[in-house]
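The number in this note's numbering is simply the position in the sequence shown, starting from 1, with 57 added. Ideal placement from N, C-alpha and C gives every residue a C-beta, glycine not left out.
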Amino acid sequence: MTTISMSNEIEKLESDVLVIGGGPSGLFTAKLLSGSGLKTILVEKDSEIGRGVVCSGVISKEAFQRYALPENAVVGRIQNAELYAPDGSHLPYNHPEEAVYVVDRHIFDGELAKEAGRAGAQILLNAKVTNLQVTEGGVQATLKTPGGEKEVNSALTVIATGVSYNLQSSLGMGRPEKISKGIQVEVIARDVDRLRIYWSSQVSEGFFGWAIPLSDGRTRVGVMTEGDAATGLKNILARIGPYTNICTDIGRVKRRGIAYGAIPRSYSNRVIAVGEAAGLVKTTTGGGIYYGLISAELASGVILEAFQRQDYSAKSLSKYEKLWRSGIGREIKYGKYFHKFYSRLGDKSLDALFDAAQKDGLLPYISQNGKFDWHQNAVIKILRSPNLRKVLLWEGINQARTNVALWS
Ligand SMILES: Cc1cc2nc3c(=O)[nH]c(=O)nc-3n(C[C@H](O)[C@H](O)[C@H](O)COP(=O)(O)OP(=O)(O)OC[C@H]3O[C@@H](n4cnc5c(N)ncnc54)[C@H](O)[C@@H]3O)c2cc1C
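Written as structure tokens, this is what we have:
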């Protein structure tokens, strides 16, 4: 990896492409573009790649195989899980094979950075882009660095800033529909021997909580919610049984937002947004690594074509949005249907839903046919379940009763 530490002599840099953000989406884009011969500079605001990341690091085997991801970052493997209802009852979820890996994001992102560097990308740390100026001739990025303000000029810029939308907004590309809350801590939990997922209003509003055992005895406990994240985490910790808080940096409670829904426009003149910076995150689970890599691949293809034609206009780059919308875009849409339906359910309905899942054979269906990254078919199957419809009807009656009680 060629890492440039900014010094006072470097006032202006020139590149074909500037990639803003050193997470998986930006690093993979930089690797693909520099590997195809474009002079690529990646800038990262933090002092180290992958250091401050808040993430559970769950990535499918499919993603690992498709992109030959760094195996040395794997710290856990998941085959079976337990799904917890609000009343504490739980269902086993057994997958026919080991389908999911858990990574250490510090190692994972660091390896992707090495790959980008080997492909020829230059990586600048401690460099935060504060402004983008798009002109007829290129894009001028203003950087805040410890050595003062700097400038990078590029023909095209890729925004890969994760859950940070100031640059996109300033260019009229917009923001995601909403930002959910993510919170996580690593503990030693004696009783957690497989992945646990918790659905309950006590743990999360609109989403769920998790406990993920790693191979070295640590357990990642976290919550994705639209409500009070700290209370959700406290309640989930109370449910996992005896645990010890780890008094190290990783044992600290960490928080971060999670994008919900794609931004209105993922391209503009001379600019493309990839990964979570474009809101390309699963609306069911908040997972964003795989969709980020897919979007990086799609964006790189469109960028290379733009360089061949020397046409960096919004029209030329719009192909990128068409490509991701026809694949992950549909998943994001179906995930929203599910989220809207799920958010309406109270704890009693959720308990009944677990019951319905057993009666309708939904779980065996999902474990046999469901895919970790592609939820569309599972969502359709769940929403069509006859016992589930009864639950919905019941929920509708309950809501009508509540409304009557409120108004009378
Ligand atoms: C609690 C929690 C658990 C999660 N668990 C999972 C999971 O198990 N699996 C999964 O797939 N996803 C998970 N996610 C989501 C996942 O972490 C993100 O979707 C993923 O990291 C997005 O990758 P990215 O490269 O698009 O952005 P990021 O990884 O966020 O990288 C963006 C980078 O850009 C840098 N940056 C931002 N602004 C600037 C700027 N102006 N100038 C320079 N640099 C800048 C940031 O410092 C950062 O390094 C989780 C999220 C949370 C909060």
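Residue nearest to residue i in terms of C-alpha spacing, selected from the options
i, options, result
"Lys291", "Val278, Ile303, Glu283", "Val278"
"Asp14", "Leu84, Pro143, Asn129", "This structure gives no information on residue 14, because the portion of the chain shown stretches from 58 to 465."
"Lys376", "Gln367, Tyr391, Phe395, Ala356", "Ala356"
"Leu402", "Gly219, Ser257, Lys69", "Ser257"
"Ala212", "Arg247, Ala414, Val76, Tyr394", "Val76"
"Arg175", "Phe85, Gln122, Ser272", "Phe85"
"Leu70", "Leu99, Leu90, Gly94, Val310", "Leu99"
"Lys379", "Asp368, Glu168, His163, Val359", "Val359"
"Val220", "Phe398, Gly392, Tyr317", "Tyr317"
"Lys393", "Asp404, Thr342, Arg366", "Thr342"
"Asn137", "Ala120, Asp166, Val338, Val157", "Val157"
"Ile245", "Gly308, Tyr222, Leu200, Phe398", "Gly308"
"Arg253", "Val242, Pro203, Pro270", "Pro270"
"Ser261", "Gly274, Thr288, His147", "Thr288"
"Gly349", "Gly194, Phe364, Pro321, Ile385", "Ile385"
"Val115", "Phe165, Gly79, Ile106", "Phe165"
"Leu228", "Lys235, Thr214, Gly332", "Thr214"
"Leu126", "Lys171, Gly109, Lys96", "Lys171"
Residue i: CB within 6 Å of a non-hydrogen atom of ligand 1
i, result
"Arg309", "no"
"Lys372", "no"
"Val186", "yes"
"Glu388", "no"
"Ile98", "no"
"Ser227", "no"
"Pro81", "yes"
"Ser113", "yes"
"Ile180", "no"
"Val338", "yes"
"Thr192", "no"
"Asp285", "no"
Extent of the continuous alpha helix (DSSP H) run through residue i
i, result
"Val359", "346-366"
"Asp404", "404-416"
"Glu101", "Where Glu101 is concerned, there is no enclosing alpha helix (DSSP H), given that its DSSP letter is neither H nor E."
"Glu243", "Run containing Glu243: none in the alpha helix (DSSP H); it sits in the beta strand (DSSP E), 235-246."
"Pro81", "81-92"
"Ser373", "371-381"
"Ser117", "Unbroken run through Ser117 is the beta strand (DSSP E), 115-117; no alpha helix (DSSP H)."
"Gly177", "Taken as a continuous stretch (DSSP letters only), Gly177 belongs to no alpha helix (DSSP H), as it is neither H nor E."
Simplified DSSP state of residue i, which is helix, strand or coil
i, result
"Trp464", "Residue confidence for Trp464 is low, a pLDDT of 39 falling below 50, so the modelled location carries little weight and cannot support an answer."
"Asn183", "coil"
"Gln136", "coil"
"Thr459", "With a pLDDT of only 44 at Thr459, under the threshold of 50, the placement of this residue in the model should not be trusted; the figure read from the coordinates follows. In this structure, Thr459 counts as helix in the three-state DSSP scheme."
"Tyr391", "helix"
"Pro127", "coil"
"Leu169", "helix"
"Lys397", "helix"
"Glu71", "strand"
"Lys311", "strand"
"Gly336", "coil"
"His152", "coil"
"Ser64", "Any answer about Ser64 is weak, because its pLDDT of 43 lies below 50 and its placement is not dependable; what the coordinates show is given next. DSSP places Ser64 in coil when its eight states are reduced to three."
"Arg162", "helix"
"Ser325", "strand"
"Leu189", "strand"
Segment limits, beta strand (DSSP E) that includes residue i
i, result
"Ser211", "205-216"
"Lys201", "196-202"
"Ala268", "265-270"
"Arg253", "252-255"
"Arg277", "275-282"
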